[in-house]
Amino acid sequence: MIDVLIIGGGNAALCAALMAREAGASVMLLEASPKIWRGGNSQHTRNLRCMHDEPQDVLIDAYPEEEYWQDLLKVTGGLTDEKLARIAIRASSSCRDWMRSHGVHFQPPLSGALHVARTNAFFMGGGKALVNAYFRSAERLGVKVRYNAQVTDIELDEGKFVAAHVGEHEVDGQRFAAERIEARACVLAAGGFESNREWLREAWGQNERGEWPSDNFLIRGTRFNTGILLRRMLDLGADVIGDPTQAHMVAIDARAPLYDGGICTRIDCVSLGVVVNRDGERFYDEGEDFWPKRYAIWGRLVAGQPGQQAYSIIDQQAIGRFMPPVFPGTTANTLQDLARQLKLPQEKFVKTVEDYNNACRVGTFDHTALDDCHTQGLTPAKTHWARPLVKPPFYAYPLKPGVTFTYLGLATDETAAVHFNGKASPNLFVAGEMMAGNVLGKGYTAGIGMAIGTAFGRIAGVQAAASVGFGVSSVNTESRHATV
Amino acid sequence: MQLFDPQASGGLIPVLNLDESEVQRQMTICNACRYCEGFCAVFPAMTRRLEFNQADIHYLANLCHNCGACLHACQYAAPHEFDVNIPKAMAKVRLDTYAEYAWPPVMGRLYQRNGLTLALASGGGLALFLCLTLMLMGNLFTAIPGGNFYTIFPHNTLALMFGSVFGFAVLALTMGVRRFWRNVSPVAAPLPLKTSAALEATGNVAKLKYLDGGHGEGCNNADDQFTLWRRRFHHFTFYGFMLCFAATGVATLFHYLLKWSAPYPVLSLPVMLGSAGGIGLLIGPAGLLWLNLRRNPAHGDEKQKPMDRGFIALLFLVSASGLALLALRETSAVGLMLAIHLGLVMAFFLTMPYSKFAHGIFRSAALLKHAIEKRQPNPINAGSD
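In C-alpha cells form, the structure reads like this:
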C-alpha cells in the first residue's frame, strides 16, 4: 500500500509530495488534469511573498515578520488566523533554498513590477516553470505521478482516511474504469471551486436586479478546479472555513478566455482614468491607492454593477504609463464616439466624464507616487492621479470580474490536519487553496497564495509522512516548520 | 518570399506578412505577461516596445536562439487558445529574414529548399574536383611522395579559386547584414557606449550566453528538462570551425611570408590547429545532429530541419574529409581524398551566404543591437503593474 497519497498537482500538492518522499514515505500523486494542463493555478503564478530581515539574493532591503503580518491583517480586514498566518510568513523566509534544491529558479522582479522588489521573489519563467521543476524532481525521487486522475470520493473511517476513489474517465478515446486507491495517509491539495459554474451560481445567488452575477464571471485560473473533492469533504462533515463568495477576484478584460486567462488579461490603467458602468456612471474612487494594492477589490466592485460590466476609460496622456494590455482598446477621437462604440448612453457618459474633468484639481501628476491630483466636490471622488480626460484619442477597455481562486475551504490548524467536529484527523491533511481561507478570509496581497501553499504543502507532507511513521513526530513540528 | 511592401519606402509602415503578424500577435500577449524575462534577451528587448513593427519583429526573431525555455514555461502554450509558441513563430520569421536579406536578392530563393541547395552544391563541388583531378592526374589513385598535393593543384590555383569564392561569400554576407542592420533601425549611440556594447555582444556570441537558460543549467531539447549539451556541441562546432579557419590563415602566412609551403609536418602549427579544429568539427556537428533528432517537435519550425541538418552534415563531412586527407596523404588515396575535401569545402564556401551559416551573422548583429539599446533608457515607463 502507498504510504502517502497526494490529491492535486499544483504547488501545495507537489511540496507535500516532495516532503513526504524526502521523509522516506512512498508517495503517489493524483492530478485531475491531463499532463499538458498540470499544475492547477500554480502554472499562472509568478512569485512568492517572502519575509526577510536583510537583503536575500533577489530580494532587496528587509521585509520583517511584523510588517508582513500587518499587510496581511490589512488586506483581510482581520479575517485571518494569526497563528497559521505567522507560520506561513516565517516559512516564507527559509523555504527558498529547499525550493532551489528541487530546481526552482528565482530572478529579480520583472519590469513593471519593481514595487514588489522588496517583498516578492519571482520565479524565473513563472509558475509553470516551477511546476515543471517540481514534477521533474518528484519523478526523479520516485514519486508516482498519475494524470487524468480526478478523485471523486474519499472513504473515511471515523475521521481516518482509508481510500480515494478515482472516477471512471476517458482519455484520448480510451476508457478507464473507476478505481479505489488505498493509502496510509493522504494530503488534499486539489484547489478551490472557481471553475464550477453551478457552485458559483449557488454561492453568489441572484441580485436585486434579478441577475445571477456569477454567470458573467471569467475564471483566471485553471479549468480543472471544479471543487468536486471540496464539495465531497463538506458533505462528509469536514470542518469548513470561509465565505463561498470570497475569492481572489480582479477586474480583467471582458474579452479574456473563460478559463486560464492568467496574468495577461489584467487591465492596469484603472487608476490613470475613470471607470464607468453600463449606465455610464462612475462608481468608485479609481485613485484610492496604487493599482497593485487595489486591483484585488475591483473584481467585486465590477461584480456589483449592472450586467457585471464596466469600462476603464483613459486618454492619450496615459499611454505608456501602464503595463500593455493584451487586447487593443476601443479608440475614438471624441467621447461621444467612444460612447457610441461602447453602446453606452451617450449623454450620460459624456456628462460623467465632463463632471469628472471639471472636478479635477491637478497638482503635480506622478503615477509612481500617491500624487496630489484629486477631484473636488465629486461623488465618488478620485483621490489621486485625477487629470481631466481631454487629450484624444480616448481608449476604453471593457471589464468583467475575473476569479483566480475561491477561499472557501477546510478548517485546519498548525499540523494541516483536516478536522471533523473540531477533532483532527490522524492521517488526512489539507494544503493549498483548499485551506488558504484559514489565512485569507478575504482580500489578497501579491504572492501570499504561493506562500501559504508552500508552507502548508510542506507541513502537510511532513505530517502525512510522520503519521505513518516516517520522520519527525507531530510533537516538535512547530520548531521544524521554522527551520526547514 | 516578399517581406517588404514595395510601396513602403516612402515612410509608410510596411505591411506584415503572416509569419510576422503571428510574432506580433504573440509578442502582444508576452508583453502583457513578461514571466520569461529572465531567460534571454528577447523578452527584455520586448519590454522596450508597446507595438511591434516589421523592423522590431526581424530584430527579435534573430535575437531568439530557439532555446525552448519560454515554450515549456508558457501558461499560454497550446492547448491554451492563445497558442503561444515563441520559438516557432520566431523561427519562421528568422528564415524569412535570411531569404529577404540575402544578397544578391534573387539568391534568397535558395532558402526555400535549403536541404536541396546544400545537396546540389555538394554534388557539384565533388563532381568538379573529381573531374579536375582526373583531368590533371589521369586517375584518382596515384600516391604522391610526401603527400604534396600542390603537385595536383598548384597553390596559386587553389588560392585563387577558394579565395574568390570565399571573398564573394564574405561580400554577400556583409551586404545582407548591412541591409538587416539598417532595417532594424539601430539606435543612435555615442562611441564609448557602442564599444562596451560591442564587447558585451562579442562575449555573448563567444559564450553562447543565451543557451544557458538564464540560470546556467542550459536550454531545453526533448522536454522541459534543461541541458547544456546543445551549447557545448555548438561550442565544439564554432571553435572547431574557427581553429580550421586559423589553420588556413597560419598556413597562408607561412606560405607567403616564410616561403614555407605545404604539406606541413603533423607537429606544425597549421596541422595541429587544423586537426584540433577538425576533431571539434566532428564532435560538434555529430552532437548537434543527435540533439536535433531528439528535439521536441514543438520547438522551432519543423520545415527548417532540412536546412539545419543539411548544414550540420556538410560541416561534418568537410571535417571528416579533411582529417581523412591528412591521414591518407602519403597513400595512393591522396588524390581522391583531396578531390572530395576540396569539393565539399567549395560547396560550403559557395553556400555560406545562403545556408544556415547566415544565422551566426544575423544573430550577432541582433545581439549587438540589443547590447546597444539596453544601455539606453527604456522608452516605456510602465510604472506599476
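Each protein sequence line maps, in turn, to chains A and B. All letters in the first sequence, in the order written, are residues 16 to 499 by the numbering used here. All letters in the second sequence, in the order written, are residues 10 to 394 by the numbering used here. The C-beta atom is built at its ideal place from N, Cα and C for all residues, glycine as well.
Proximity to residue i [Cα-Cα], best of the options
i                : options                                : result
Cys201 (chain A) : A:Leu44, A:Leu385, A:Gly458            : A:Leu44
Thr275 (chain A) : A:Asp172, A:Ser152, A:Trp52            : In the sequence as presented, Thr is not what sits at residue 275 (chain A); that position holds Asp. Checking every option, the nearest Cα to that of Asp275 (chain A) belongs to A:Trp52.
Ala108 (chain B) : B:Asn123, B:Leu337, B:Lys218           : B:Asn123
His308 (chain B) : B:Met355, B:Ala41, B:Cys79, B:Gln63    : B:Cys79
Arg36 (chain A)  : A:Glu46, A:Ile21, A:Gly141, A:Pro49    : A:Ile21
Arg191 (chain B) : B:Phe242, B:Lys268, B:Tyr68            : B:Tyr68
Arg34 (chain B)  : B:Tyr44, B:Val24, B:Phe61              : B:Phe61
Met66 (chain A)  : A:Ser57, A:Met34, A:Cys110             : A:Cys110
Pro272 (chain B) : B:Ala198, B:Phe158, B:Phe357, B:Phe91  : B:Phe158
Trp214 (chain A) : A:Leu245, A:Thr237, A:Glu223           : A:Leu245
Tyr110 (chain B) : B:Gly185, B:Cys228, B:His264           : B:Gly185
Gly155 (chain B) : B:Ser270, B:Asp232, B:Arg318, B:Arg304 : B:Ser270
Leu377 (chain B) : B:Leu167, B:Asn94, B:Ala206, B:Leu129  : B:Ala206
Arg384 (chain B) : B:Asp310, B:Ala198, B:Leu332, B:Pro362 : B:Ala198
His263 (chain A) : A:Pro407, A:Gly39, A:Ala27, A:Met465   : A:Met465
Phe250 (chain B) : B:Gly331, B:Ile389, B:Met170           : B:Gly331
Ile278 (chain A) : B:Arg43, B:Met36, B:Ser30              : B:Arg43
Gln313 (chain B) : B:Arg338, B:His368, B:Ala333, B:Leu262 : B:His368
Leu262 (chain B) : B:Ile370, B:Ala168, B:Pro294           : B:Ala168
Proximal residues to residue i (C-beta, below 8 Å), its chain only, five neighbours per side dropped
i                : result
Asn491 (chain A) : Below a pLDDT of 50, predicted positions are generally treated as unreliable, and Asn491 (chain A), at 44, falls in that range; no measurement from the model is reported.
Glu46 (chain B)  : Phe52, Pro53, Thr56
Leu524 (chain A) : Any question about residue 524 (chain A) goes unanswered here, given that chain A covers just 16 to 499.
C-alpha distance - residue i paired with residue j, whole-angstrom precision
i                : j                : result
Gly319 (chain A) : Pro228 (chain A) : 8 Å
Met116 (chain B) : Asn26 (chain B)  : 20 Å
Ile256 (chain A) : Leu423 (chain A) : 6 Å
Cys412 (chain B) : Ala375 (chain B) : The displayed coordinates of chain B run from 10 to 394. Any statement about residue 412 (chain B) would go beyond what the structure contains.
Arg309 (chain A) : Asp300 (chain A) : 10 Å
Ala333 (chain A) : Leu404 (chain A) : 10 Å
Leu302 (chain B) : Ser41 (chain A)  : 36 Å
His120 (chain A) : Leu300 (chain B) : 25 Å
Asp230 (chain A) : Arg212 (chain A) : 7 Å
Gln362 (chain A) : Arg297 (chain A) : Checking the sequence, you will find Glu at residue 362 (chain A) rather than Gln. Each residue's Cα considered, the two are about 14 Å apart.
Gly174 (chain A) : Gln261 (chain A) : 27 Å
Phe175 (chain B) : Leu182 (chain B) : 11 Å
Leu180 (chain B) : Ser364 (chain B) : 15 Å
Val343 (chain B) : Met144 (chain B) : 15 Å
Gly289 (chain B) : Thr246 (chain B) : 6 Å
Gly23 (chain A)  : Thr237 (chain A) : 12 Å
Asp304 (chain A) : Thr460 (chain A) : 14 Å
Glu183 (chain A) : Arg355 (chain A) : 51 Å
His59 (chain A)  : Gly140 (chain A) : 10 Å
Leu287 (chain A) : Ala311 (chain A) : 17 Å
Gly476 (chain A) : Pro441 (chain A) : 13 Å
His180 (chain A) : Val158 (chain A) : 19 Å
Cys375 (chain A) : Tyr326 (chain A) : 20 Å
Pro388 (chain B) : Asn56 (chain A)  : 33 Å
Cys388 (chain A) : Ala41 (chain B)  : 27 Å
Residue i: CB within 8 Å of a non-hydrogen atom of the ligand MN
i               : result
Lys89 (chain A) : For the ligand MN, the structure offers nothing, since it holds no ligand at all.
Same chain, Cβ closer than 7 Å to residue i, five either side skipped, listed in chain order
i                : result
Ser341 (chain B) : Phe150, Thr151, Ala152
Ala144 (chain A) : Phe138
Trp306 (chain A) : Asp283, Val285, Ser286
Val193 (chain B) : Ala64, His67, Tyr68, Lys378
Sequence-distant residues of the same chain with beta carbon closer than 6 Å to residue i, five excluded per side
i                : result
Met99 (chain B)  : Ala70, Cys73
Arg270 (chain A) : Phe342
Leu326 (chain B) : Leu353
task: Name, going along the chain, the residues of the stretch 35-48 of chain B whose beta-carbon falls closer than 9 Å to a beta-carbon of chain A.
output: Thr37, Ile38, Cys39, Asn40, Ala41, Cys42, Arg43, Tyr44, Cys45, Glu46, Gly47, Phe48
Contact list for the stretch 210-236 of chain B against chain A, Cβ threshold 7 Å: The stretch 210-236 of chain B vs chain A, Cβ under 7 Å: Gly223, His224, Asp233, Gln234.
query: What residues in the stretch 57-79 of chain B have a beta carbon less than 8 Å from any beta carbon of chain A?
result: Leu59, Ala78, Cys79
query: Using Cβ-Cβ distances below 7 Å, what residues of the stretch 253-282 of chain A are close to chain B?
result: Pro272, Asp275, Gly277, Ile278, Cys279
Beta strand (DSSP E) segments (min. 3 residues) lying fully within the stretch 114-138 of chain B: none
task: Closer than 8 Å, Cβ to Cβ, to anything on chain B: give me those residues from the stretch 328-348 of chain A, in chain order.
output: Ile334, Gly335, Arg336, Phe337, Met338, Pro339, Pro340, Val341
query: Of all the residues that make up the stretch 119-131 of chain A, which are near chain B by a beta-carbon distance shorter than 7 Å?
result: Of all residues in the stretch 119-131 of chain A, only His120, Gln122, Leu125, Ser126, Gly127, Ala128, His130 place a beta-carbon less than 7 Å from a beta-carbon of chain B.
Interface residues of the stretch 79-95 of chain B facing chain A [CB-CB below 9 Å]: From the stretch 79-95 of chain B, only Cys79, His81, Ala82, Cys83, Gln84, Tyr85, Ala86, Ala87, Pro88, His89, Glu90, Phe91 have a Cβ closer than 9 Å to chain A.
- prompt: Going along the stretch 49-82 of chain A in order, which residues come within less than 7 Å of chain B, judged by CB to CB distance?
  reply: Ile51, Gln58, His59, Arg61
field: Chain-ordered residues of the stretch 148-163 of chain A with a beta carbon less than 7 Å from chain B
entry: Arg151
task: Taking only runs that begin and end inside the stretch 81-130 of chain A, name each unbroken alpha helix (DSSP H) of 4 or more residues, in chain order.
output: For the stretch 81-130 of chain A, the continuous alpha helix (DSSP H) assignments of 4+ residues that do not extend past its boundaries occur at 97-107, 111-116, in sequence order.
Entirely enclosed beta strand (DSSP E) segments - the stretch 271-321 of chain A, minimum 3 residues: 289-292
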